[in-house]
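Asks: Going by UniProt numbering, 194 is the number at position 194 of the sequence shown; the sequence numbering is gapless. Glycine residues also receive a C-beta, built at the ideal position from the N, C-alpha and C atoms.
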Amino acid sequence: MTGWTIEDMPPLTDRTVVVTGANSGLGLEGSKAFARRGATVVMACRSVDRGESAAAEIREAVPNATLDIRKCDLADLSNVESFADGLQDDYDAVDILCNNAGVMAIPRSETADGFETQFGVNHLGHFALTGHLLDLLGAADGESRIVTQSSGAHEMGEIDFDDLQGERSYGKWSAYGQSKLANLLFAYELQRRLGNHGWDDVISVACHPGYADTDLQFRGPREMGSTLRTAAMGLANAVLAQSAEQGALPMLYAATADDVIGGEYVGPGGLLDMRGPPEFQQSNAASRDEATAERLWAVSTDLTGVEYDFERA
Numbered sequence: 001m002t003g004w005t006i007e008d009m010p011p012l013t014d015r016t017v018v019v020t021g022a023n024s025g026l027g028l029e030g031s032k033a034f035a036r037r038g039a040t041v042v043m044a045c046r047s048v049d050r051g052e053s054a055a056a057e058i059r060e061a062v063p064n065a066t067l068d069i070r071k072c073d074l075a076d077l078s079n080v081e082s083f084a085d086g087l088q089d090d091y092d093a094v095d096i097l098c099n100n101a102g103v104m105a106i107p108r109s110e111t112a113d114g115f116e117t118q119f120g121v122n123h124l125g126h127f128a129l130t131g132h133l134l135d136l137l138g139a140a141d142g143e144s145r146i147v148t149q150s151s152g153a154h155e156m157g158e159i160d161f162d163d164l165q166g167e168r169s170y171g172k173w174s175a176y177g178q179s180k181l182a183n184l185l186f187a188y189e190l191q192r193r194l195g196n197h198g199w200d201d202v203i204s205v206a207c208h209p210g211y212a213d214t215d216l217q218f219r220g221p222r223e224m225g226s227t228l229r230t231a232a233m234g235l236a237n238a239v240l241a242q243s244a245e246q247g248a249l250p251m252l253y254a255a256t257a258d259d260v261i262g263g264e265y266v267g268p269g270g271l272l273d274m275r276g277p278p279e280f281q282q283s284n285a286a287s288r289d290e291a292t293a294e295r296l297w298a299v300s301t302d303l304t305g306v307e308y309d310f311e312r313a
């Protein structure tokens, strides 16, 4: 995959792609690239207004883009279910699901369902969404893919089953690391379960963007009301980060490249895995711990109420 770029993506005509967090950053750039290759892109956004603004930007670059902007608030499980129900009403299949949206290093808050926001949005919201869309993914003509966006920050993560919601002790970075580790545990466990139930035509893949210049880094400082930290983050992005377009490449590769198989982890292969063209990488040992993954799956099922039905008619 040396030097792989957006230009190497295959045609996606007659394919339906769902991207969470599609209104900015990696989600916006990914949606633009999918649209450029002819896919119907369902832009799953917390704010429909921001989604419409992003769609207008995409249409400037891709005048013939086929875009469907829908509200999907991963911090509200009832809305996640409503979003999925709407897709089931209007689409026969989903070919690619990009679990991309997320929040990073924010002061402690809670979702509509009472979950710590980083764990609730980054992991539980996507766990629920994927479960609701499983039948549509299984109905695709040919192979379909579930791509879950993680981060190098998974290496500092630990799944604290005794305090998953950070009620007793909360650190914004440790909570972020936990959520990103959870993303990988979920992606790999999903692949194992798909394989064990004979879903060979649906694969689960993980990726990370390295250090990409997006708005993600600014939400935490803004919510803290820290002008200094916001400015420092802007400087760091300017000096160290690659563009959001480049940061989206691992997700796009994981979603479309021919040599991707289930259970892979794709990230930028340059300096410290922070930038550069995509390559297959290895996440840490904790992310591959099957006992932890099984326990997290059970806990996630209990918390969300979403049961994955792997039985096929």
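Alpha carbon to alpha carbon, how far is Ser-150 from Gly-157? Give it in angstroms, no decimals.
Replies: Translated into the one-based positions of the sequence shown, residue 157 becomes position 157. Translated into the one-based positions of the sequence shown, residue 150 becomes position 150. Cα to Cα, Gly-157 sits roughly 11 Å from Ser-150.
Asks: According to DSSP, is Phe-161 helix, strand or coil?
Replies: On the sequence shown, position 161 is the one that residue 161 refers to. Three-state DSSP puts Phe-161 in coil, outside helix and strand.
Asks: In chain order, what residues of the same chain have a beta carbon less than 6 Å from the beta carbon of Phe-310, not counting five sequence neighbours either side?
Replies: Indexing the sequence shown from 1 puts residue 310 at position 310. Result list for Phe-310: His-197, in chain order.
Asks: Pull up the CB-CB distance for Ala-187 and Ala-206, whole angstroms please, since I reckon it's below 8 Å.
Replies: Locating residue 187 in the sequence shown gives position 187, counting from the first residue. Locating residue 206 in the sequence shown gives position 206, counting from the first residue. Correct: roughly 4 Å between the Cβ atoms.
Asks: In the DSSP output, what is Tyr-265 paired with across the bridge?
Replies: For this step, residue 265 is matched to residue 265 along the sequence shown. The partner list for Tyr-265 (beta bridge, DSSP) reads Ala-206.
Asks: Taking only three categories from DSSP, how would you classify Gln-118?
Replies: Taking the sequence shown and counting its residues from 1, the one referred to as residue 118 is at position 118. Correct three-state label for Gln-118: helix.
Asks: Leaving out five residues on either side along the sequence, give the residues of the same chain with a beta carbon under 7 Å from the beta carbon of Pro-11.
Replies: Mapped onto the sequence shown, residue 11 falls at position 11. Contacts found: Arg-37, Gly-38.
Asks: Considering Cα atoms alone, identify which of Thr-5, Trp-173, Leu-28, Gly-138 is closest to Arg-108.
Replies: Position 108 of the sequence shown holds residue 108. Of the candidates Thr-5, Trp-173, Leu-28, Gly-138, the one whose C-alpha sits nearest the C-alpha of Arg-108 is Trp-173.
Asks: Answer yes or no: do Leu-26 and Val-80 have a C-beta to C-beta separation smaller than 8 Å?
Replies: The count along the sequence shown starts at 1 and reaches residue 26 at position 26. The count along the sequence shown starts at 1 and reaches residue 80 at position 80. Not closer than 8 Å, so no.
Asks: Can you check which of these residues, Glu-143, Asp-92, Asn-122, Arg-46, is closest to Met-104 by C-alpha distance?
Replies: Working through the sequence shown from its first residue, we reach residue 104 at position 104. Measuring from the Cα of Met-104, the nearest candidate turns out to be Asn-122.
Asks: Give the straight-line distance between the Cα atoms of Arg-229 and Gly-195, rounded to the nearest whole angstrom.
Replies: Walking along the sequence shown from the start, residue 229 turns up at place 229. Walking along the sequence shown from the start, residue 195 turns up at place 195. At Arg-229, the pLDDT of 44 sits below 50, so the modelled position is not reliable and the matter cannot be decided from this model.
Asks: Taking Cβ to Cβ, would you say Asn-100 is nearer than 8 Å to Val-19?
Replies: Residue mapping note: residue 100 aligns to position 100 of the sequence shown, counting from 1. Residue mapping note: residue 19 aligns to position 19 of the sequence shown, counting from 1. A contact, by the Cβ cut-off of 8 Å.
Asks: Kindly indicate the opening and closing residues of the alpha helix (DSSP H) around Ser-174.
Replies: As a position in the sequence shown, residue 174 is number 174, starting the count at 1. Element bounds for Ser-174: 172-196.
Asks: Might you give, ordered along the chain, the residues of its own chain that have their beta carbon closer than 7 Å to the beta carbon of Gly-234, omitting 5 neighbours on each side?
Replies: In the sequence shown, counting from the first residue as 1, residue 234 sits at position 234. The pLDDT assigned to Gly-234 is 45, lower than 50, so where the model puts this residue is not dependable, and the model offers no usable value.
Asks: Relative to the alpha-carbon of Arg-288, which residue among Glu-155, Glu-307, Gln-165, Gly-270 has its alpha-carbon at the smallest distance?
Replies: Stepping through the sequence shown from its first residue, residue 288 is reached at position 288. Measuring from the Cα of Arg-288, the nearest candidate turns out to be Glu-155.
Asks: What three-state label does DSSP hand Ala-232 in the structure shown?
Replies: In the sequence shown, counting from the first residue as 1, residue 232 sits at position 232. Because the pLDDT at Ala-232 is just 43, under 50, the model does not fix this residue reliably, and the value given afterwards should be weighed accordingly. Three-state DSSP puts Ala-232 in a helix.
Asks: CA-CA distance, Ala-298 and Arg-193?
Replies: Locating residue 298 in the sequence shown gives position 298, counting from the first residue. Locating residue 193 in the sequence shown gives position 193, counting from the first residue. Distance between the alpha carbons of Ala-298 and Arg-193 is about 13 Å.
Asks: In chain order, what residues of the same chain have a beta carbon less than 6 Å from the beta carbon of Tyr-170, not counting five sequence neighbours either side?
Replies: Translated into positions along the sequence shown, residue 170 becomes position 170. Excluding residues within five positions, the ones whose Cβ falls inside 6 Å are Arg-108.
Asks: State buried or exposed for Gln-191, treating a residue as buried only when at least 16 other CB atoms are found within 10 Å of its CB.
Replies: Residue 191 sits at position 191 when you count from the first residue of the sequence shown. The residue is buried, with at least 16 neighbouring Cβ atoms inside 10 Å.
Asks: My output table needs one value for Ala-22: the three-state DSSP class, helix, strand or coil.
Replies: Looking up residue 22 in the sequence shown gives position 22. In this structure, Ala-22 counts as coil in the three-state DSSP scheme.
Asks: Could you tell me which of Ala-175, Thr-5, Gly-247, Ile-96 sits nearest to Thr-40, measuring between CA atoms?
Replies: Along the sequence shown, read from residue 1 onward, the residue named residue 40 stands at position 40. The candidate whose alpha carbon is nearest that of Thr-40 is Ile-96.
Asks: Which runs of the beta strand (DSSP E), 3 residues or longer, sit entirely within the stretch 64-108?
Replies: Listed in chain order, the complete beta strand (DSSP E) runs (minimum 3 residues) inside the stretch 64-108 are 66-71, 96-99.
Asks: Bridge partners of Val-147, per DSSP?
Replies: One-based indexing of the sequence shown puts residue 147 at position 147. DSSP, once it has assigned bridges, lists Cys-98, Val-205 as partnering Val-147.
Asks: Does DSSP put Val-42 in a helix, in a strand, or in coil?
Replies: Stepping through the sequence shown from its first residue, residue 42 is reached at position 42. The answer is strand: DSSP assigns Val-42 an E or B state.
Asks: Taking just the CA atoms, how far does Glu-60 sit from Ala-257?
Replies: The sequence position of residue 257 within the sequence shown is 257, counting from 1. The sequence position of residue 60 within the sequence shown is 60, counting from 1. Cα to Cα, the separation comes out at about 26 Å.
Asks: Identify every residue that forms a DSSP beta bridge with Thr-16.
Replies: In the sequence shown, counting from the first residue as 1, residue 16 sits at position 16. Thr-16 pairs with Thr-40.
Asks: Kindly indicate which three-state DSSP category Glu-167 falls into: helix, strand or coil?
Replies: The residue given as residue 167 occupies position 167 in the sequence shown. DSSP places Glu-167 in coil when its eight states are reduced to three.
Asks: Cα separation between Gly-21 and Met-251?
Replies: Counted from its first residue, the sequence shown places residue 21 at position 21. Counted from its first residue, the sequence shown places residue 251 at position 251. Spanning the two alpha carbons is a distance of roughly 13 Å.
Asks: Tell me whether Ile-261 is buried or exposed, calling it buried when 16 or more other Cβ atoms sit within 10 Å of its Cβ.
Replies: Start at 1 with the first residue of the sequence shown, and residue 261 comes out as number 261. The residue is exposed, with fewer than 16 neighbouring Cβ atoms inside 10 Å.
Asks: For Gly-177, count the other beta carbons within 10 Å of its own beta carbon; 16 or more makes it buried, fewer makes it exposed. Which is it?
Replies: The residue given as residue 177 occupies position 177 in the sequence shown. When all chains shown are included, Gly-177 counts as buried.
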